[in-house]
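Read top to bottom, the protein sequences are chains A and B.
The working numbering numbers the first residue of the first sequence as 1 and each following residue consecutively.
The working numbering numbers the first residue of the second sequence as 329 and each following residue consecutively.
We put the beta carbon where it would ideally sit given N, CA and C, even for glycine.
Report on the structure given below.
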Amino acid sequence: MTAPLDAPDKPVDPAPAAAGAGAAAIQGRSLGQIAWMRLKRDKVAIAGALVVIFLILVAVFAPLIVGAFGQDPTQFNSDLIDPSTMAPKDGTGISPAHLFGLEPLNGRDIFSRVVYGARISLLIAFLATLLSVAIGTLLGVTAGYFGGLVDSIISKTMDVFLAFPLLVFAIALAGIVPDEAFGLTGDTLRVALLVFVIGFFNWPYIGRIVRGQTLSLREREFVDAARSLGARGPYIIFREMLPNLVAPILIYSTLLIPSNVLFEAALSFLGVGVRPPTPTWGGMLSDAVRFYTIPHFMFFPGMAIFVTVLAFNLFGDGLRDALDPKAR
Amino acid sequence: MTDSLLSVQNLQKHFPITKGMLKRQVGAVKAVDGVSFDVVKGETLGLVGESGCGKTTTGRLITRLIEPTGGKIVFDGHDITHMSQGRIRPLRRDIQMIFQDPYSSLNPRHTVGAIVGAPFRIQGVQTEQGTKKAVQEILELVGLNPEHYNRYPHEFSGGQRQRIGIARTLALKPKLIIADEPVSALDVSIQAQVVNLLEDLQNELDLTYVVIAHDLSVVRHISDRVAVMYLGKIVELADRKSLYESPMHPYTNALLSAVPIPDPKRRKDRERIRLQGDVPSPLNPPPACRFHTRCWKAQEICSQVEPPLLALATGHQVACHFPENAPASGDVAVTGAGAVTAEGALQAGGAGDAAPGEGPAGKGTASAS
Chain A
1 MTAPLDAPDK
11 PVDPAPAAAG
21 AGAAAIQGRS
31 LGQIAWMRLK
41 RDKVAIAGAL
51 VVIFLILVAV
61 FAPLIVGAFG
71 QDPTQFNSDL
81 IDPSTMAPKD
91 GTGISPAHLF
101 GLEPLNGRDI
111 FSRVVYGARI
121 SLLIAFLATL
131 LSVAIGTLLG
141 VTAGYFGGLV
151 DSIISKTMDV
161 FLAFPLLVFA
171 IALAGIVPDE
181 AFGLTGDTLR
191 VALLVFVIGF
201 FNWPYIGRIV
211 RGQTLSLRER
221 EFVDAARSLG
231 ARGPYIIFRE
241 MLPNLVAPIL
251 IYSTLLIPSN
261 VLFEAALSFL
271 GVGVRPPTPT
281 WGGMLSDAVR
291 FYTIPHFMFF
301 PGMAIFVTVL
311 AFNLFGDGLR
321 DALDPKAR
Chain B
329 MTDSLLSVQN
339 LQKHFPITKG
349 MLKRQVGAVK
359 AVDGVSFDVV
369 KGETLGLVGE
379 SGCGKTTTGR
389 LITRLIEPTG
399 GKIVFDGHDI
409 THMSQGRIRP
419 LRRDIQMIFQ
429 DPYSSLNPRH
439 TVGAIVGAPF
449 RIQGVQTEQG
459 TKKAVQEILE
469 LVGLNPEHYN
479 RYPHEFSGGQ
489 RQRIGIARTL
499 ALKPKLIIAD
509 EPVSALDVSI
519 QAQVVNLLED
529 LQNELDLTYV
539 VIAHDLSVVR
549 HISDRVAVMY
559 LGKIVELADR
569 KSLYESPMHP
579 YTNALLSAVP
589 IPDPKRRKDR
599 ERIRLQGDVP
609 SPLNPPPACR
619 FHTRCWKAQE
629 ICSQVEPPLL
639 ALATGHQVAC
649 HFPENAPASG
659 DVAVTGAGAV
669 TAEGALQAGG
679 AGDAAPGEGP
689 AGKGTASAS
């Protein structure tokens with residue numbers, strides 16, 4: 001802007017050009033963009049997000065990764081096991097071919113089992129969270145928007161679900177359900193069962209939050225404005241309210257995933273998860289308990305669970321800070 | 329009455345209070361209890377009163393955001409009192425509302441374009457050059473930069489946000505606009521801008537306003553006629569000049585004396601009326617004249633006979649047994665209390681509107697009706 005001062009009699013070219021650029025730059029930042037900028041500045045959250053992405057990639061490309069080492073998660077390597085102690089011959093069996101060593105007793109490769117375990121763990125955690133969020137959002141919005149009797153019924157149902165002895169139910173259900181049911185068999189049936197048990201009983205947490213948010217949104221004047229324009233219920237719910245509910249739903253989904261990972265691991269540990277020989281982190285921990293003198297067997301699946309849960313939690317916390325800076 | 333755009337007759341809204349499991353009704357908050365007025369095309373009616381007197385409820389009843397308990401609302405020849413939401417939808421284009429809080433009335437997740445374009449989308453209105461062009465024209469009309477189309481509400485100041493709200497209101501070219509405290513959430517300097525904008529728009533687009541406010545100076549600036557509400561009833565309804573210069577109802581007097589005067593010298597000259605006590609609960613309003621518990625002129629009759637809203641001078645209706653500043657022949661009207669129905673009083677008011685400025689010449693004629 002100093003140029004026009006230096007040469008006041010010259011035609012002022014830079015100023016209109018700058019004004020034109022300014023006008024073109026008037027493109028509002030949405031709340032989402034602002035949250036993204038805030039999130040980018042949060043190093044811990046970004047680290048969490050990177051680990052999460054890494055874990056997802058590992059799960060998706062598990063066969064390729066394991067194949068690169070020439071291993072199979074269910075293959076026995078009895079020749080590398082010392083039959084007298086049941087432990088791998090050199091203590092852990094860690095070598096370039098077996099990064100995390102070998103299982104005692106049958107000598108399966110721990111690395112490939114941990115990698116494949118990520119598949120089951122994340123698949124169940126994601127699908128169960130999706131189910132919880134779907135049911136929770138639907139019923140939460142319904143309860144909050146319509147209020148009255150509908151709200152009472154849904155809220156009481158949530159209380160019942162929260163009081164439900166979920167673990168006992170899951171153990172009982174796993175015992176009852178046969179190997180073949182609903183047209184599903186084997187691992188698919190087990191995964192579906194776990195998704196149902198974990199997802200179906202966790203929705204009240206999301207439901208309560210969504211209901212509360214909807215209650216407060218309903219009293220905002222922009223809802224009245226839409227109604228005074230003649231908007232119907234679905235328009236108000238989907239166009240006016242849901243965009244405002246995305247942030248809390250996203251936050252609680254990211255925080256629900258790690259708790260579902262833990263729950264799946266717990267169920268597998270108790271033997272009611274996906275059945276062996278399919279590798280799961282919880283199942284490996286359960287096996288490792290018998291060999292507590294050989295700690296590396298317990299260490300790697302345990303670390304996998306720990307890192308996964310920590311990464312999701314750090315990312316979720318960062319997401320909450322970015323999306324809802326007032327809630328701190 | 330033919331030229332009245334909006335006619336409200338004996339409008340009531342009682343909010344029930346329920347108790348216990350079975351939702352037994354134990355009482356009702358009489359937020360609006362028998363309000364009648366007419367709004368003529370092109371005029372601005374101010375609705376004033378203190379907090380909780382039912383002004384906002386009246387506005388929401390007219391826009392049918394809430395269901396009236398009783399009475400009648402006639403808009404442009406249609407009885408919309410209990411019209412179903414489906415049937416009232418086309419009429420909603422003609423009745424629009426400006427909301428009080430510009431921070432709550434705009435959806436934070438929508439762009440300005442989406443907010444101002446919402447009326448077109450909801451009502452399914454197609455415009456010749458497309459919605460975007462139409463929205464940008466309206467933005468320009470209310471003094472906003474059309475380039476702001478893609479911005480979000482949080483990027484604007486309070487005054488700008490209220491302009492966005494006004495733009496949304498104007499989108500479908502309504503006939504009647506209910507402005508619920510349109511400026512009370514804004515800074516005083518911005519208030520003047522917005523009030524002047526409303527006036528300019530009225531001249532330009534031939535709008536009719538019902539302005540709800542508690543700020544008497546704002547109402548004085550913008551209104552042609554002013555209705556004063558107290559505890560769910562209209563106590564005085566007059567054209568602006570006669571209301572502010574010769575208020576008849578004691579409550580109006582008290583209200584006007586509470587308006588701050590910025591000049592300390594002039595302030596001393598004025599006698600300030602201080603009302604005793606609080607506004608009684610609308611749950612259990614005082615019998616007969618609702619103001620008698622706080623009125624310094626109250627006599628026995630005030631707690632026994634409810635004063636009807638009578639026209640004591642041309643276009644000046646008041647509900648009081650002992651009005652102040654009443655014309656000499658005012659006594660006639662007082663003795664005739666009860667004989668004149670609300671309907672009659674309304675017609676008298678309407679007749680007064682037809683010949684504004686008649687003022688002193690028409691004194692006392694209304695009492696004969």
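For the beta strand (DSSP E) holding residue i, just list the boundary residues, first then last.
{"i": "B/A566", "result": "561 to 567"}
{"i": "B/H644", "result": "644 to 646"}
{"i": "B/V556", "result": "553 to 558"}
{"i": "B/V705", "result": "Past the boundaries of the shown model lies residue 705 of chain B; chain B is included only from 329 to 697, so the question cannot be answered."}
{"i": "B/K383", "result": "It is not in any beta strand (DSSP E) - B/K383 instead sits in the alpha helix (DSSP H) that spans 383 to 390."}
{"i": "B/L638", "result": "638 to 641"}
{"i": "A/T214", "result": "Where A/T214 is concerned, there is no enclosing beta strand (DSSP E), although the alpha helix (DSSP H) it sits in stretches over 186 to 218."}
{"i": "A/Y252", "result": "Where A/Y252 is concerned, there is no enclosing beta strand (DSSP E), although the alpha helix (DSSP H) it sits in stretches over 242 to 269."}
{"i": "A/A225", "result": "Taken as a continuous stretch (DSSP letters only), A/A225 belongs to no beta strand (DSSP E), being part of the alpha helix (DSSP H) at 221 to 228."}
How is residue i classed by DSSP in three states: helix, strand or coil?
{"i": "B/L373", "result": "strand"}
{"i": "B/P705", "result": "Chain B is shown from 329 up to 697; residue 705 of chain B falls before or after that span and cannot be answered."}
{"i": "A/G140", "result": "helix"}
{"i": "B/E634", "result": "coil"}
{"i": "A/A59", "result": "helix"}
{"i": "B/V698", "result": "In this structure chain B extends from 329 to 697, so residue 698 of chain B is not present and cannot be described."}
{"i": "B/S585", "result": "helix"}
{"i": "B/V668", "result": "With a pLDDT of 39 at B/V668, under the threshold of 50, the modelled position of that residue is not reliable, and no figure is offered here."}
{"i": "B/Q424", "result": "strand"}
{"i": "B/E395", "result": "coil"}
{"i": "B/I466", "result": "helix"}
{"i": "A/T308", "result": "helix"}
{"i": "A/L64", "result": "helix"}
{"i": "A/A87", "result": "coil"}
{"i": "A/I120", "result": "helix"}
{"i": "A/E180", "result": "strand"}
{"i": "A/L102", "result": "strand"}
{"i": "A/I236", "result": "helix"}
Answer yes or no: do residue i and residue j have a C-beta to C-beta separation smaller than 7 angstroms?
{"i": "B/G377", "j": "B/K383", "result": "yes"}
{"i": "B/K503", "j": "B/D422", "result": "yes"}
{"i": "A/A170", "j": "A/V195", "result": "no"}
{"i": "B/L637", "j": "B/Q627", "result": "no"}
{"i": "B/H577", "j": "B/V563", "result": "yes"}
{"i": "A/T280", "j": "A/I65", "result": "no"}
{"i": "B/G399", "j": "B/Q337", "result": "yes"}
{"i": "A/E221", "j": "B/F343", "result": "no"}
{"i": "B/L333", "j": "B/I540", "result": "no"}
{"i": "A/T214", "j": "A/G144", "result": "yes"}
{"i": "A/A62", "j": "A/Y116", "result": "yes"}
{"i": "B/P474", "j": "B/Q464", "result": "yes"}
Could you name the residues of chain A that residue i contacts, counting a contact when the two beta carbons are closer than 7 angstroms?
{"i": "B/R420", "result": "S228, L229, G230"}
{"i": "B/L350", "result": "Result: empty, since nearest Cβ-Cβ is about 12 angstroms, beyond 7 angstroms."}
{"i": "B/D429", "result": "E221"}
{"i": "B/R417", "result": "G230"}
Pull the bridge partners of residue i from the DSSP assignment, please.
{"i": "B/S335", "result": "B/D366, B/V402"}
{"i": "B/Y537", "result": "B/T372, B/I505"}
{"i": "B/D407", "result": "B/V402"}
Using a cut-off of 8 angstroms between C-beta atoms, extract the partners of residue i located in chain B.
{"i": "A/P243", "result": "N435, R437, H438"}
{"i": "A/L31", "result": "P436, R437, Y480, H482"}
Applying a beta-carbon distance threshold of less than 8 angstroms, which residues of chain A neighbour residue i?
{"i": "B/L393", "result": "D224, R227, S228"}
{"i": "B/M425", "result": "D224, A225, S228"}
{"i": "B/P447", "result": "L229"}
Give the interface partners of residue i over in chain B, defined as CB-CB distance under 7 angstroms, in chain order.
{"i": "A/R220", "result": "S432"}
{"i": "A/E240", "result": "N435"}
{"i": "A/Y235", "result": "I450"}
Span of the alpha helix (DSSP H) holding residue i?
{"i": "B/Q413", "result": "413 to 416"}
{"i": "A/M158", "result": "148 to 162"}
{"i": "B/D597", "result": "592 to 597"}
{"i": "B/R437", "result": "Run containing B/R437: none; DSSP gives neither H nor E here."}
{"i": "B/Q488", "result": "486 to 498"}
Check the Cβ of residue i against every Cβ in chain A and list those closer than 9 angstroms, keeping chain order.
{"i": "B/R496", "result": "A225, L229"}
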